[in-house]
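Visitor: Quick one: the structure is below, and I'll ask about it shortly.
Residue numbers (the working numbering), protein chains in the order written: chain A, 1 to 663; chain B, 1 to 663.
Now the structure itself:
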């Protein structure tokens with residue numbers, strides 16, 4: 001009798017070895033970190049005696065699941081913002097929070113949380129791409145998990161490096177520090193073709209080859225990305241990476257949603273592993289990865305959850321389930337990606353994608369003991385059939401849940417027993433994670449309390465608070481007004497004609513006033529049009545009134561509007577929206593030493609008869625405002641405006657809300 | 001203080017009422033079967049005192065989930081056969097098992113199993129379509145669940161009725177017996193347009209209207225179904241149902257995967273509820289239902305799991321998750337079907353689809369107390385944000401799992417407390433379900449042990465075991481042989497020319513021999529071609545040899561092959577496959593009182609020079625066989641066959657396997 005440390009006894013042993021051997025009842029023998037025997041229970045029991053035995057009758061003993069793509073610390077941002085378009089999600093929520101909160105402690109705690117969740121779901125190894133990977137690696141060691149930790153390098157400043165030079169230095173140090181570690185493979189992770197320079201890709205490729213570790217990269221996640229890259233280089237991203245020599249490294253490419261036929265062969269030719277992320281690809285509407293085609297071409301495809309902020313969990317059972325379901329619907333063929341293939345993606349094929357199949361991915365003597373034991377004796381898992389020889393796989397892929405995982409062993413060590421984590425303190429992690437959640441909430445509550453902070457959060461505040469003295473009046477004859485301006489005491493400094501498309505957002509909180517998005521098409525002297533886009537927040541009330549309908553208004557902020565109106569609509573989520581389009585003849589004048597704007601406006605939408613006159617002047621003090629109000633009064637007289645033609649409404653008051661217009 | 005039976009205290013109360021009110025912390029007060037108050041905790045606590053209190057701090061109190069389409073007893077067939085095309089799944093597995101096993105006890109037990117699984121996953125109400133609905137209803141009452149039980153009516157015999165007349169009688173009795181029941185709505189369920197006659201649809205519509213209950217039906221699940229129906233009636237199914245007056249009933253239409261634009265309006269116009277089944281539609285590759293379009297048109301869409309044999313669980317959390325994810329990818333728009341809408345489909349919108357929203361679907365005073373309480377304080381659910389006002393919905397839809405459901409209340413009764421079922425004995429149900437599983441396994445093991453049983457299982461065995469004495473030879477000149485047949489002692493009874501396309505299946509078990517699928521295109525006198533399809537199983541060895549290469553062969557069975565070759569390939573799953581195509585000149589002759597076949601064959605694939613001659617005669621005893629062998633020897637001489645031209649191989653031996661040809 002050979003003595004061993006641990007024997008798993010009596011369950012269905014799914015080896016996922018090249019012959020897909022199944023032993024029922026079977027047994028697995030573990031010595032130190034390694035599996036030393038796998039086989040039928042009777043045979044194993046007659047040859048081995050173990051110090052410790054784990055009874056696994058009625059359970060499935062299978063290779064630990066492998067999550068080939070995630071961003072570990074982002075579990076702390078789970079559910080921060082969902083159902084949003086990528087730009088709103090990224091610029092409105094993720095980037096501001098990452099900028100504020102991502103530091104070594106955040107990454108350490110986030111990794112602990114992710115490890116805990118994954119172990120509870122039968123995951124024993126993962127591949128990460130994030131920042132502060134030193135902390136990610138240390139937390140992983142604390143959890144007792146196996147990982148490929150990819151230090152992300154991009155051409156912009158990151159939370160852990162002010163420039164990409166420093167990022168590369170961090171990366172090299174990180175690779176050196178962890179080289180040869182029992183559980184951790186430290187790897188370079190150039191983010192993607194579009195976030196890197198050719199130099200970054202070259203340097204990280206060299207690093208990966210020097211240390212003989214995988215290189216992790218996002219490839220062709222969205223159709224836009226591919227289109228831009230083809231426009232720029234006339235090659236799709238993977239083809240371009242091949243041309244750059246990057247595929248000489250052991251590459252793990254995440255996503256690969258939009259590949260052409262040639263690229264499927266490139267994957268195979270260079271033994272590029274693919275991390276397929278079904279939930280993320282669906283949730284972000286990236287598309288349907290050609291998984292069936294990849295598998296047919298012999299590409300090593302693993303499954304990934306992507307980060308928690310776009311999933312929102314790290315559940316490989318869900319990804320198996322989805323990967324098997326989606327391919328059927330997309331190909332209109334219910335036999336595509338059968339259960340065993342889905343399970344293979346989550347185990348041995350994932351190990352191949354990570355270039356770690358010599359160590360993990362199947363239950364075979366000589367491999368590391370990374371094992372999940374799953375209870376299939378619960379209500380949603382019974383009955384059990386043996387009608388096709390494949391039933392056990394479909395039980396796991398179509399019926400089982402991550403909560404059916406009972407025990408988990410990594411590198412020979414039991415890290416979960418009977419659903420109790422042995423390496424981590426779940427209660428403490430949950431408590432700390434919730435505290436971070438509270439801090440982030442406070443950050444947002446503060447931001448959401450103020451329109452100004454919300455605008456500032458997405459960058460580019462041009463000017464805060466300015467005051468204007470202004471008046472508005474109806475006029476019947478535009479030409480008469482223009483003629484009246486031709487006086488010796490009025491100097492026309494500048495004039496222009498412009499079309500202005502204004503969209504006003506109204507909010508539930510009346511204190512927010514309204515936000516105006518203006519597309520200002522200025523017609524230049526040469527006939528060309530140069531657009532100016534601005535955001536202006538306006539107070540809900542007039543600040544003062546001076547007679548003759550002359551009012552003091554406060555514009556609380558102005559910012560260049562460098563994103564689309566659609567973005568602002570989804571980011572600010574107005575309660576109501578109104579539109580005013582007008583043609584404006586704009587005169588900058590000086591009158592008695594005061595700069596003023598005289599606008600003659602034709603309101604196109606909502607259509608109004610005749611023209612409107614506006615006279616405006618910026619002001620800084622109440623004395624100054626009073627003086628300017630008096631001058632504006634004089635001008636009204638000069639320009640022939642009768643008191644009954646003064647207008648107290650704003651243009652936006654003419655416009656019906658979208659809802660009103662629909663009704 | 002008003003006295004009440006039960007108070008749920010202190011969690012986040014998601015009401016799903018028309019204003020989507022959320023109370024955090026909130027409380028729900030229950031008196032008897034009804035909710036009598038919902039609101040902020042402080043307010044409720046000051047007004048009500050309850051006999052029993054359930055502390056729900058850190059938990060979400062929400063309406064019980066509604067499964068709008070399932071086949072309850074089929075949970076006993078969970079994982080029986082997966083990853084198969086519909087016909088193989090249905091004719092190869094489901095129908096043979098249903099025929100053998102479905103009886104009242106099966107339906108009762110299957111319903112208990114499904115109820116237990118669903119309660120554990122927070123489901124409080126479901127809509128079923130199956131047989132023996134009396135038993136389904138009784139088991140549901142035992143579980144304390146709410147249900148719309150649809151008794152299925154089709155134009156063929158069913159497990160519970162030998163004809164549709166009797167099925168309609170059963171249905172009427174069922175509706176009468178359960179009319180007005182507190183938990184059960186007994187309903188007619190004409191299966192689909194293609195499985196019913198117009199008379200069945202008319203009768204069930206009248207029943208539904210007479211008893212004022214919903215009518216349940218499958219609509220436009222597959223593209224084929226729609227195409228066939230349009231070809232037959234020039235209307236798509238839903239339009240046709242409208243024309244038949246069926247939509248005058250309160251209809252719940254399952255699937256609706258393939259609808260045109262007009263049909264979206266028909267749904268709305270007739271207030272037809274839709275049961276959307278994302279997992280089933282993907283798994284069976286039916287397609288992507290136009291859910292976003294339905295919701296946009298104000299159609300009441302609920303979620304369904306479909307039966308366990310095509311899912312393979314009854315997990316509404318998975319369906320919520322999928323429904324939100326899929327619509328995004330299909331529309332390429334990540335804001336489609338946001339989490340709150342997915343949760344609405346699983347609750348209030350599902351209640352509307354079932355025409356039961358006056359009773360269930362939201363937490364409002366006056367509605368029945370059907371409630372799920374979900375723990376969001378686990379590793380995969382933290383942290384928790386309040387950044388968008390919608391975070392709680394995305395936690396439930398994107399992160400949570402059915403195993404997070406902690407307590408369930410139906411009709412005011414606590415049916416699960418702290419994950420313990422109070423109305424059902426899970427252990428006993430599991431044990432009984434596994435016993436049924438074993439019986440089904442035995443049935444299949446027996447079937448799979450014999451090719452004959454496998455053929456018999458899909459119907460139409462024509463003939464078992466027959467013996468033939470036969471010989472084969474190469475010939476150089478076909479015309480010489482034909483001339484030689486023109487002798488006075490040979491009577492040509494019948495002659496024909498045919499093209500034969502033979503596919504041979506070889507199996508891993510050598511005892512199975514080989515199975516031949518023959519497409520026999522017989523050219524008639526008028527030049528037309530009538531195809532004959534047969535399956536023939538042949539023994540692995542010759543039974544006897546008589547010299548001159550004359551052998552006795554055994555064909556073990558012959559059956560008409562009324563399904564496609566593709567079906568047989570997927571059903572029998574051969575290890576290897578070979579093809580032989582030939583042109584055959586076939587002569588039925590009588591020689592010395594013995595019926596024989598003389599075939600002159602030109603082997604087209606694999607291409608062979610010249611022709612082959614076959615002489616065959618059926619035989620019944622070894623004496624008879626010897627005599628016929630002697631006569632065949634004489635014929636060989638008459639037809640001028642030299643001994644060196646005798647052929648001992650079968651045609652199939654000429655053919656390479658598909659694998660060999662690829663290599």
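Ideal Cβ positions, reconstructed from N, Cα and C, are used throughout, including at glycine.
Is the beta carbon of residue 299 of chain B less than 8 Å from the beta carbon of residue 337 of chain B?
Guide: In this structure, residue 337 of chain B does not lie closer than 8 Å to residue 299 of chain B by Cβ.
Visitor: Shortest alpha-carbon distance to residue 384 of chain B belongs to which of B:20, B:16 and B:59?
Guide: Among B:20, B:16 and B:59, the Cα nearest to that of residue 384 of chain B is on B:59.
Visitor: Under 8 Å, CB to CB, which of the residues in the region 256–290 of chain A have a partner in chain B?
Guide: Going along the region 256–290 of chain A in chain order, one finds 279, 281, 282, 283, 284, 285, 286, 287 and 288 with a Cβ nearer than 8 Å to chain B.
Visitor: What would DSSP say about residue 594 of chain A, mapped onto helix, strand or coil?
Guide: It is a strand residue.
Visitor: Which residues of the region 109–132 of chain A have a Cβ closer than 7 Å to any Cβ of chain B? Give them in chain order.
Guide: Taking 7 Å as the Cβ-Cβ cut-off against chain B, the residues of the region 109–132 of chain A that qualify are 113, 116, 117 and 120.
Visitor: What does residue 338 of chain A touch in chain B if you count any residue whose Cβ is under 8 Å from its own?
Guide: 82 and 83, listed in chain order.
Visitor: Excluding five sequence neighbours on each side, which residues of the same chain lie with their C-beta closer than 6 Å to the C-beta of residue 375 of chain B?
Guide: Excluding residues within five positions, the ones whose Cβ falls inside 6 Å are 59, 404 and 406.
Visitor: Drop a sphere of 10 angstroms on the beta-carbon of residue 595 of chain A, count the other beta-carbons inside from all chains shown, and report buried for 16 or more, exposed for fewer.
Guide: The residue in question, residue 595 of chain A, is exposed, as its Cβ has fewer than 16 Cβ neighbours within 10 Å.
Visitor: Identify which residue in A:492, A:170, A:321 and A:211 has its Cα closest to the Cα of residue 597 of chain A.
Guide: It is A:492.
Visitor: To the nearest angstrom, how far is it from the Cα of residue 10 of chain A to the Cα of residue 371 of chain A?
Guide: Each residue's alpha carbon lies about 15 Å from the other.
Visitor: Between residue 255 of chain B and residue 218 of chain B, is the Cβ-Cβ spacing less than 8 Å?
Guide: Yes.
Visitor: Tell me which same chain residues have a C-beta within less than 6 Å of the C-beta of residue 75 of chain A, skipping the five on either side of it?
Guide: Hits under 6 Å: 110, 113, 114 and 308.
Visitor: Suppose only complete runs of 4+ residues qualify. What are the alpha helix (DSSP H) ranges in the region 136–193 of chain B, listed by chain order?
Guide: Counting whole runs of 4 or more residues, the region 136–193 of chain B contains the alpha helix (DSSP H) stretches 164–178.
Visitor: Residues of chain A with CB under 8 Å from residue 507 of chain B, in chain order?
Guide: Those do not exist, as residue 507 of chain B stays about 13 Å from chain A at its closest Cβ, beyond 8 Å.
Visitor: If you run the structure through DSSP and keep just helix, strand and coil, what is residue 393 of chain B?
Guide: Three-state result, residue 393 of chain B: helix.
Visitor: Could you round the C-beta distance between residue 125 of chain B and residue 146 of chain B to whole angstroms and report it? I think they count as a contact, below 8 Å.
Guide: The Cβ separation is near 4 Å, so the contact holds.
Visitor: Quick one: residues in its chain with C-beta nearer than 7 Å to the C-beta of residue 174 of chain B, no 5 flanking neighbours on either side, listed in chain order?
Guide: If we look at residue 174 of chain B and ignore the five residues flanking it on each side, its Cβ neighbours are 133, 134, 151 and 186.
Visitor: Which parts of the region 262–333 of chain B are runs of the beta strand (DSSP E), unbroken and 3 residues or longer, counting only runs that do not cross its ends?
Guide: Here the runs fully enclosed are 273–276 and 301–303.
Visitor: Determine contact between the region 554–574 of chain B and the region 628–636 of chain B, defined as no fewer than three beta-carbon pairs at a distance below 8 Å.
Guide: Counting Cβ pairs under 8 Å, fewer than three are found: no touch.
Visitor: Quick one: using the 10 Å Cβ neighbour count with 16 as the cut-off for buried, is residue 513 of chain A buried or exposed?
Guide: By the neighbour-count rule (16 or more Cβ atoms within 10 Å), residue 513 of chain A is buried.
Visitor: What span of residues does the beta strand (DSSP E) with residue 546 of chain B cover, start to end?
Guide: Looking at the DSSP string, residue 546 of chain B is not in any beta strand (DSSP E), and its letter there is neither H nor E.
Visitor: Grab me the residues of residue 529 of chain B's own chain with a C-beta within less than 6 Å of its C-beta, minus the 5 sequence neighbours each way, in chain order.
Guide: So the list reads 521 and 523, once near-sequence residues are dropped.
Visitor: Between residue 168 of chain B and chain A, is there a C-beta pair that is closer than 8 Å?
Guide: No, residue 168 of chain B lies away from the interface with chain A (no Cβ there is under 8 Å from its Cβ).
Visitor: Name the DSSP beta bridge partners of residue 7 of chain B, please?
Guide: In the DSSP output, where bridge partners are listed per residue, residue 7 of chain B has B:29 and B:53.
Visitor: Expressed to the nearest angstrom, what Euclidean distance is found between the alpha-carbon atoms of residue 506 of chain A and residue 539 of chain A?
Guide: When rounded, the distance between both Cα atoms is 11 Å.
Visitor: Using a C-beta to C-beta distance shorter than 8 Å, which residues of chain A count as neighbours of residue 335 of chain B?
Guide: Per Cβ cutoff of 8 Å: 83, 84, 85 and 570.
Visitor: From the DSSP output, read off the bridge partner residues of residue 37 of chain A.
Guide: Residue 37 of chain A is bridged to A:29.
Visitor: Count the other CB atoms within 10 Å of the CB of residue 494 of chain A; is the residue buried (16 or more) or exposed (fewer)?
Guide: Exposed, because fewer than 16 other Cβ atoms sit within 10 Å of the Cβ of residue 494 of chain A.
Visitor: Please say whether residue 611 of chain A and residue 712 of chain A have beta carbons closer to each other than 8 Å?
Guide: Given a span of 1 to 663 for chain A in the structure shown, any question on residue 712 of chain A remains unanswerable.
Visitor: At a cut-off of 7 Å, is residue 575 of chain B close to the ligand ADP when judged by its beta-carbon and the heavy atoms of the ligand?
Guide: This structure lacks the ligand ADP, and indeed carries no ligand of any kind.
Visitor: Please list, in chain order, the chain B residues whose beta carbon lies closer than 7 Å to that of residue 328 of chain A.
Guide: 282, 283 and 285, listed in chain order.
Visitor: Can you list, in chain order, the residues of its chain with a C-beta nearer than 7 Å to that of residue 310 of chain A? Leave out the 5 residues immediately preceding and following it.
Guide: Contacts found: 280, 283 and 284.
Visitor: One question on the structure: do residue 312 of chain B and residue 79 of chain B come within less than 8 Å of each other, judged by their Cβ atoms?
Guide: Yes, these two residues count as a Cβ contact at 8 Å.
Visitor: For residue 62 of chain B, which residues does DSSP report across the bridge?
Guide: Answer is B:372, bridged to residue 62 of chain B.
Visitor: Going along chain B, which residues have a C-beta under 7 Å from residue 383 of chain A?
Guide: Chain B residues near residue 383 of chain A: 76, 78, 433, 434, 436 and 437.
Visitor: Given this structure, state the Cα-to-Cα distance separating residue 575 of chain B from residue 81 of chain A, to the nearest angstrom.
Guide: Roughly 51 Å separates the two Cα atoms.
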